[in-house]
Amino acid sequence: MAAISPVSRDSNLYWYKGFCFIKDMMSTEFIDSLKDFKIRDDDVFLITYPKSGTIWTQQILSLICSEGHRNGTEKIDTNDRVPWLEFRTINAYEDYNIRPSPRMFVSHLSETFVPRGLKNKKAKVIYVMRNPKDAMKSFYHFQDMAVLAEKSPDFQHFFEKFLDGEVFAGKWFDHIRGWYTHKDEYNILILKYEDMIKDLRSVVKQISTFLGIKLDDEAMDIVVKKASFNEMKKDPLANKENMPEDIIDNKSGSFMRKGQVGDWKNTLTVAQSELFDKLFQEKMGDLSLNFTWQIPE
Ligand code: PPS
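The numbering used here runs 108 ahead of the 1-based position in the sequence shown.
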């Protein structure tokens, strides 16, 4: 059995097979069991590194797939429509095996931990990535709300923690590299947060085409409107205001915080940014991956 090891800057996390898990929320036995989770051909998995557009894409999937979500007649929590694969407490340990098809799931897992059945290339995977400087900044603020996270006293502390991967989900570089280099093994649509900011309608179209769902112009207008930052911030279900208090402390911040590209510029120093650029080049330079770091570029 692979060893687990402690995380030096957060005692609520542990390292297991190159990934950082939350002690109180997931055991190694449970995580290992997910490899055998039975996949159906019409399943859809949304996968992200944290703070990269997860709730946004959950909302888009809910809006595309459910007329009741679009017209507001069904008030179903986004986490029930697109439930977490690994955070079972959030979904009250629901037995996903008896959930009716088509099922949608969300996960922050790296490529090495997801159910093997996804490699049959029938079930769909949507992987969303965000430029890591903005993801890092968003993660830094999210620590204040994440009850189980050990808070960093200042940004420099978090910056080092993030680079070392001592946050839930481990190193950003590993997550992206793992999914990107194994993408051909999956029926996958790779999206970027910044493209969603630049042209949400096009991305919604891409997602609906990938899902094989045709929306008329009126339905498309509603999806794009209800997936906008301002609409989602007003919606308690999208803003995670209904999450259990022992998981998210809504008094310490707003989940829908800023929703911008380039907010990292207000926090990272020139030295931090340059160090990050150097590491990015070293670790990702061989991949044909470009990110939008600010708008306009
Ligand atoms: S989590 O905790 O990993 O599930 O967080 P995640 O949902 O991946 O990321 C949260 C950030 O996404 C922003 N967000 C949006 N930006 C623009 N438009 C819309 N509609 C939208 N919805 C969510 C959210 O504001 C967080 O980013 P920051 O930079 O902190 O604002």
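Glycine included, every Cβ here is placed at the ideal spot set by N, Cα and C. Keep in mind it's a predicted model, so treat the numbers as computed, not measured.
Check, Outcome
"Rounded C-alpha distance that separates Asp151 from Val222", "13 Å"
"Nearest-angstrom Cα separation, counted from Gly126 out to Leu142", "16 Å"
"Buried or exposed by the 16-neighbour rule on C-beta atoms within 10 Å, applied to Arg238", "buried"
"Sequence-distant residues of its chain with Cβ nearer than 7 Å to Phe195 (five each side left out)", "Met133"
"Inter-stretch contact (C-beta, 8 Å, three-pair minimum) for the region 246–262 and the region 383–390", "no"
"Selected residue, minimal CA-CA separation from Met253, among Ile139, Pro158, Phe363, Ser119", "Phe363"
"Straight-line gap, Ile356 to Arg365 (C-alpha atoms, nearest Å)", "14 Å"
"Chain-order list of residues whose beta-carbon lies under 7 Å from that of Trp439 (same chain, five-residue window excluded)", "Since the displayed the chain opens at 109 and closes at 405, residue 439 lies outside it and no answer follows."
"DSSP-derived helix/strand/coil call for Thr197", "helix"
"Residue environment, Ala379, which counts as buried when at least 16 other CB atoms sit within 10 Å", "exposed"
"Beta carbon of Val275 nearer than 8 Å to that of Thr156", "no"
"Contact set for Asn120: own chain, Cβ-Cβ below 8 Å, skip 5 residues either direction", "Ile130, Lys131, Asp132, Leu256, Ala257, Glu258"
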